[in-house]
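Chains as they are written, first to last, in the numbering used here: chain C, 280 to 618; chain Y, 280 to 618. The beta carbon of each residue, even a glycine, is placed where N, CA and C say it ideally should be. Notes for the one structure printed next.
Number of protein chains: 2
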Amino acid sequence: MRGTNRQLRLARRPDGMVDEHTFELAEEPLRGLADGEFLVRVAYLSIDPTNRVWIRAEPSYLPPVGIGEVMRGGGAGAVVESRNDAYPVGTGVLGLLGWQEYAICGRDVTANAVPPGVPLQHMMSVYGATGVTAYFGMLDVADPKEGETVVVSGAAGATGSVAGQIAKIRGGRVIGIAGTDEKCRWLTDELGFDAAINYKTDDIGVRLDQLCPDGVDVFFDNVGGATLDTLLRHLALGARIALCGAISTYNAAETPPPIHWYVNLVVQRARMQGFLVLDYLDRFPEAVRALVQWVSEGRIQWRDHVVEGLEQAPRALNMLFRGENTGKLMVRVGPDPSA
Amino acid sequence: MRGTNRQLRLARRPDGMVDEHTFELAEEPLRGLADGEFLVRVAYLSIDPTNRVWIRAEPSYLPPVGIGEVMRGGGAGAVVESRNDAYPVGTGVLGLLGWQEYAICGRDVTANAVPPGVPLQHMMSVYGATGVTAYFGMLDVADPKEGETVVVSGAAGATGSVAGQIAKIRGGRVIGIAGTDEKCRWLTDELGFDAAINYKTDDIGVRLDQLCPDGVDVFFDNVGGATLDTLLRHLALGARIALCGAISTYNAAETPPPIHWYVNLVVQRARMQGFLVLDYLDRFPEAVRALVQWVSEGRIQWRDHVVEGLEQAPRALNMLFRGENTGKLMVRVGPDPSA
Numbered sequence: 280m281r282g283t284n285r286q287l288r289l290a291r292r293p294d295g296m297v298d299e300h301t302f303e304l305a306e307e308p309l310r311g312l313a314d315g316e317f318l319v320r321v322a323y324l325s326i327d328p329t330n331r332v333w334i335r336a337e338p339s340y341l342p343p344v345g346i347g348e349v350m351r352g353g354g355a356g357a358v359v360e361s362r363n364d365a366y367p368v369g370t371g372v373l374g375l376l377g378w379q380e381y382a383i384c385g386r387d388v389t390a391n392a393v394p395p396g397v398p399l400q401h402m403m404s405v406y407g408a409t410g411v412t413a414y415f416g417m418l419d420v421a422d423p424k425e426g427e428t429v430v431v432s433g434a435a436g437a438t439g440s441v442a443g444q445i446a447k448i449r450g451g452r453v454i455g456i457a458g459t460d461e462k463c464r465w466l467t468d469e470l471g472f473d474a475a476i477n478y479k480t481d482d483i484g485v486r487l488d489q490l491c492p493d494g495v496d497v498f499f500d501n502v503g504g505a506t507l508d509t510l511l512r513h514l515a516l517g518a519r520i521a522l523c524g525a526i527s528t529y530n531a532a533e534t535p536p537p538i539h540w541y542v543n544l545v546v547q548r549a550r551m552q553g554f555l556v557l558d559y560l561d562r563f564p565e566a567v568r569a570l571v572q573w574v575s576e577g578r579i580q581w582r583d584h585v586v587e588g589l590e591q592a593p594r595a596l597n598m599l600f601r602g603e604n605t606g607k608l609m610v611r612v613g614p615d616p617s618a
Numbered sequence: 280m281r282g283t284n285r286q287l288r289l290a291r292r293p294d295g296m297v298d299e300h301t302f303e304l305a306e307e308p309l310r311g312l313a314d315g316e317f318l319v320r321v322a323y324l325s326i327d328p329t330n331r332v333w334i335r336a337e338p339s340y341l342p343p344v345g346i347g348e349v350m351r352g353g354g355a356g357a358v359v360e361s362r363n364d365a366y367p368v369g370t371g372v373l374g375l376l377g378w379q380e381y382a383i384c385g386r387d388v389t390a391n392a393v394p395p396g397v398p399l400q401h402m403m404s405v406y407g408a409t410g411v412t413a414y415f416g417m418l419d420v421a422d423p424k425e426g427e428t429v430v431v432s433g434a435a436g437a438t439g440s441v442a443g444q445i446a447k448i449r450g451g452r453v454i455g456i457a458g459t460d461e462k463c464r465w466l467t468d469e470l471g472f473d474a475a476i477n478y479k480t481d482d483i484g485v486r487l488d489q490l491c492p493d494g495v496d497v498f499f500d501n502v503g504g505a506t507l508d509t510l511l512r513h514l515a516l517g518a519r520i521a522l523c524g525a526i527s528t529y530n531a532a533e534t535p536p537p538i539h540w541y542v543n544l545v546v547q548r549a550r551m552q553g554f555l556v557l558d559y560l561d562r563f564p565e566a567v568r569a570l571v572q573w574v575s576e577g578r579i580q581w582r583d584h585v586v587e588g589l590e591q592a593p594r595a596l597n598m599l600f601r602g603e604n605t606g607k608l609m610v611r612v613g614p615d616p617s618a
């Protein structure tokens, strides 16, 4: 039964985008399991902006991945060998499995069972960290009221698209910012957004003047930098900014791009609040229940973007920063027994 | 009884600091009172950073002062003539009386009676907008808990010094940032701050590394710009930033100075919130009651800095931005019947 495990290990910290020198593909024999451990064959790896954060030298909300260590990443797979009765062979699991074909879980690595009947792939997207992030960020942090104007940046992304749809369910007027006309059409024609702004061809400030003459009540921000700064100039009284991420800053070698108009937080008595889905672990079931309900009612739609093969993970990460993905980006590493 | 009124009117919007061309001293005859009006002889004008905001061209939380209009300013005085039974001659009042010797209140200008027995001068400082701002900003917005580390910028200022003392009353460990060694000694030796940083001679970041190795839980910010950016790099998990003002930005002709490290709001799940004391008008009595109590117990100290003469108001405003005042800056315009 013991075979080899292929892994992507961090070889060098990148300056900007990751490249062919950032990771090295290594093979090592699989060791035997200790009591309580179980072996997971990884089916999918979730590719997220936060992967780029984890390979910066600076500590973040988790310690940086060390040089020579397996790249950290969320994934889903199935148990193929077990010395843990709670995780018999065949169990679908979710966890920080790492960029590798097999993960030994149960002691050093925590993995949680996927609810029966839910496809592994959906646990990487709508019911995964991105969907749950959208849920808590929009409802707990931003908390839009009926009729309020809500703007979402990175709106065609995995988190932004769900966040915007949740704001619609709440009765908000929702405007998405995305990077292609095709993405903008998807937002308005299929997801029910009230308007969309193509930041590559439109001036966001001018469009916000037209679309939100009374200002923006809620901004769900995935981007940071100049986009955030423009929104700061369009806040309504009592506005809430939920800072979900700042993708525009993650590849910055040194100092992130600036914002200037934070002083408008005073003028508009507004709040800018960062959050991480990790802080909501104990409330995940609440979010997944709500998302399952909304999906079953056809009120939440999403797209998955699956890239094939472990060795494509670094390229997939760059696709994310170039906006080349359409929907939740993931890498298929091995077979999906739930498909 | 009808005499003349001397006024400072806005003549030209300044680029940076105000200068001799910004205001013009004008005289006009006092008009008669209409029913419901009362005439106030101004005793003190409060000089605050917000005065500078009000003469920018851009709308803020109040419309800009128009060219040719009397400069807007908070003040205190006594009623000297009245056609309003609620405000008989001799009543001490407080309001946006403007940079002038006499204000006609009761219709166009609202003025509120000062509690009997409280000196007019104290209504410009510890019981005035600055003290009340400190109260709500620290307790409502920042809400420090026992043992938390609290940093205050502009800590020797009228608002910052009271804010820091309130944080001490709440059981916080309080560090003040100020611009002279004398101010720093006042904070630590007389007001009971735990430490002080002279931003002109010390590197704030280095000092925060030494003084707050576990990060800053609460930052009460009067300054903005580079000071705010440094604090963003020293936040503890769950930190709260109360944005009271951004004095470093008010003289900026165009774009305010940048901050870069807002992304740490995500990493530390922190919140940055602007507030204005105007939103707490209905709760002023609560704040003044608490401040009166603390002052009577010797737990809050403050200094007033009185500049003599209406025509000195523009110079006094610049003193504020140069950090030349020690304590709450005000201009004495006329006699103080409560002194």
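Checklist entry - So which residues of chain C does Trp540(Y) contact, with C-beta pairs closer than 9 Å? => result Translated into the one-based positions of the second sequence, residue 540(Y) becomes position 261. In chain order: Thr534 and Pro535.
Next on the checklist: I want to verify the contact list: residues of chain Y whose CB lies under 8 Å from the CB of Arg550(C), in sequence order.
Outcome noted: Taking the first sequence and counting its residues from 1, the one referred to as residue 550(C) is at position 271. Ordered by position in chain Y, the residues that pass the 8 Å Cβ test against Arg550(C) are Arg550, Met551, Gln552 and Gly553.
Next on the checklist: So, with DSSP's three-state summary, where would you put Glu603(C)?
Outcome noted: Numbered from 1 along the first sequence, position 324 holds the residue referred to as residue 603(C). Three-state DSSP puts Glu603(C) in coil, outside helix and strand.
Next on the checklist: Comparing C-alpha positions only, which one of Gly345(Y), Gly385(Y), Gly458(Y) and Asp496(Y) sits nearest to Arg601(Y)?
Outcome noted: As a working mapping, residue 601(Y) is identified with position 322 in the second sequence. Ranking Gly345(Y), Gly385(Y), Gly458(Y) and Asp496(Y) by Cα distance to Arg601(Y) puts Gly458(Y) first.
Checklist entry - Glu360(C) lies in the beta strand (DSSP E); which residues open and close that run? => result For the purposes of this step, residue 360(C) is taken as the residue at position 81 of the first sequence. Gly354 to Ser361 is the span of the beta strand (DSSP E), which, as asked, contains Glu360(C).
Checklist entry - Cβ atoms of Gln552(Y) and Ile520(Y): under 8 Å apart, would you say? => result For the purposes of this step, residue 520(Y) is taken as residue 241 along the second sequence, with counting starting at 1. For the purposes of this step, residue 552(Y) is taken as residue 273 along the second sequence, with counting starting at 1. Closer than 8 Å, so yes.
Checklist entry - So, using beta-carbon positions, are Leu324(C) and Val571(C) closer together than 8 Å? => result Start at 1 with the first residue of the first sequence, and residue 324(C) comes out as number 45. Start at 1 with the first residue of the first sequence, and residue 571(C) comes out as number 292. Their beta carbons are not under 8 Å apart, which means Leu324(C) does not touch Val571(C) by this criterion.
Checklist entry - Whole alpha helix (DSSP H) runs in the stretch 386-470 of chain C with 4 or more residues, listed along the chain? => result 399-402, 408-415, 437-448 and 460-464
Item to check | Asp268(Y): contacting residues in chain C (beta-carbon distance under 8 Å) | outcome: Here chain Y has residues from 280 to 618 only, and residue 268(Y) is not among them.
Item to check | Gly503(C): contacting residues in chain Y (beta-carbon distance under 8 Å) | outcome: Taking the first residue of the first sequence as position 1, residue 503(C) is located at position 224. Tyr541 and Val542, listed in chain order.
Next on the checklist: Please list, in chain order, the chain C residues whose beta carbon lies closer than 7 Å to that of Tyr230(Y).
Outcome noted: Residue 230(Y) is absent from the model: chain Y starts at 280 and stops at 618.
Next on the checklist: For Gly524(Y), would you say it is in contact with chain C, using Cβ-to-Cβ distances shorter than 8 Å as the test?
Outcome noted: To locate residue 524(Y), count along the second sequence from 1; it is residue 245. For Gly524(Y), the answer is yes, since a Cβ of chain C falls inside 8 Å of its Cβ.
Checklist entry - In chain order, what residues of the same chain have a beta carbon less than 8 Å from the beta carbon of Asn391(Y), not counting five sequence neighbours either side? => result Your numbering for residue 391(Y) matches position 112 in the second sequence. Closer than 8 Å at the Cβ level, and outside the excluded window around Asn391(Y), lie Val372, Leu373 and Gly374.
Item to check | Residue of Val610(C), Asp314(C), Asn604(C) and Ala313(C) minimising C-alpha distance to Glu461(C) | outcome: Within the first sequence, numbered from 1, the residue matching residue 461(C) stands at position 182. Cα-wise, what sits closest to Glu461(C) is Asn604(C).
Item to check | Spatial neighbours of Gly439(C) in its chain, beta-carbon cut-off 6 Å, leaving aside the 5 residues before and after | outcome: For the purposes of this step, residue 439(C) is taken as the residue at position 160 of the first sequence. If we look at Gly439(C) and ignore the five residues flanking it on each side, its Cβ neighbours are Val431, Gly433 and Asn501.
Item to check | Ala518(C) beta carbon near the ligand HEM (any heavy atom closer than 7 Å) | outcome: Summarising the ligand content, the structure contains no ligands, and the ligand HEM is consequently not present.
Checklist entry - Leaving out the 5 sequence neighbours to the left and right, which residues in its chain are closer than 6 Å to Gly385(C) when beta-carbon positions are compared? => result Mapped onto the first sequence, residue 385(C) falls at position 106. Cβ neighbours of Gly385(C) beyond the five flanking positions: Gly315, Glu316, Phe317 and Asn363.
Next on the checklist: Considering only their Cβ atoms, is the gap separating Val567(C) from Ala592(C) smaller than 8 Å?
Outcome noted: Numbered from its first residue, the first sequence carries residue 592(C) at position 313. Numbered from its first residue, the first sequence carries residue 567(C) at position 288. No. Outside cutoff.
Next on the checklist: Taking 8 Å as the cut-off, does the stretch 408-426 of chain Y touch the stretch 470-485 of chain Y (at least 3 CB pairs, one atom from each stretch)?
Outcome noted: They do not touch, by the three-pair rule.
Item to check | Beta-carbon spacing of Leu599(Y), Ile326(Y) below 8 Å | outcome: What you label residue 599(Y) is simply residue 320 of the second sequence in a count that begins at 1. What you label residue 326(Y) is simply residue 47 of the second sequence in a count that begins at 1. Taking 8 Å as the Cβ cut-off, Leu599(Y) and Ile326(Y) qualify as a contacting pair.
Checklist entry - Val358(Y) to Val368(Y), Cα distance in whole Å? => result What you label residue 358(Y) is simply residue 79 of the second sequence in a count that begins at 1. What you label residue 368(Y) is simply residue 89 of the second sequence in a count that begins at 1. Val358(Y) and Val368(Y): Cα-Cα distance of roughly 5 Å.
Item to check | C-beta contact flag for Val642(Y) and Leu399(Y) at 8 Å | outcome: Residue 642(Y) falls outside the range modelled here, since chain Y spans only 280 to 618, and no answer is possible.
Item to check | For Gly504(Y) and Pro537(Y), the rounded distance between their alpha carbons | outcome: Here residue 537(Y) corresponds to residue number 258 of the second sequence, with the count starting at 1. Here residue 504(Y) corresponds to residue number 225 of the second sequence, with the count starting at 1. Rounded to the nearest angstrom, the two C-alpha atoms are 6 Å apart.
Checklist entry - Thinking just about the alpha-carbon of each residue, which of Ile454(C), Thr412(C) and Ser361(C) is nearest to the one in Glu427(C)? => result The sequence position of residue 427(C) within the first sequence is 148, counting from 1. It is Ile454(C) whose Cα lies nearest to the Cα of Glu427(C).
Item to check | Neighbourhood of Ile445(Y) by C-beta distance below 7 Å, restricted to the same chain and skipping five residues each side | outcome: Residue 445(Y) sits at position 166 when you count from the first residue of the second sequence. Excluding positions up to five away in sequence, the list reads Ala413, Tyr414, Met417 and Leu418.
Item to check | Supposed close pair Val332(Y), Val429(Y) - CB separation, criterion 8 Å | outcome: Along the second sequence, one-based indexing puts residue 332(Y) at 53. Along the second sequence, one-based indexing puts residue 429(Y) at 150. The beta-carbon separation of Val332(Y) and Val429(Y), rounded to 26 Å, does not stay under the 8 Å limit for a contact.
Next on the checklist: Runs of 4 residues minimum, wholly inside the stretch 513-576 of chain C: which ones carry the alpha helix (DSSP H) assignment?
Outcome noted: The qualifying runs are 543-546 and 563-575.
Checklist entry - Residue range of the beta strand (DSSP E) that Arg285(C) falls in? => result For the purposes of this step, residue 285(C) is identified with residue 6 of the first sequence, where counting begins at 1. Thr283 to Leu289 is the span of the beta strand (DSSP E), which, as asked, contains Arg285(C).
Checklist entry - Where does Thr389(C) land, buried or exposed, given buried means 16+ other C-beta within 10 angstroms? => result The residue given as residue 389(C) occupies position 110 in the first sequence. With fewer than 16 Cβ atoms within 10 Å of its Cβ, Thr389(C) is classed as exposed.
Checklist entry - Buried or exposed: Asp261(C), going by 16 or more other Cβ atoms within 10 Å of its Cβ? => result Residue 261(C) lies beyond the stretch modelled for chain C, which goes from 280 to 618, so this question has no answer here.
Checklist entry - For Asp493(C) versus Ala474(C), is the C-beta spacing smaller than 8 Å? => result To locate residue 493(C), count along the first sequence from 1; it is residue 214. To locate residue 474(C), count along the first sequence from 1; it is residue 195. Result no, Cβ atoms of Asp493(C) and Ala474(C) do not sit closer than 8 Å.
Item to check | Three-way DSSP call (helix, strand, coil) for Ala592(C) in this model | outcome: Taking the first residue of the first sequence as 1, we reach residue 592(C) at position 313. Note: Ala592(C) maps to helix in three-state DSSP.
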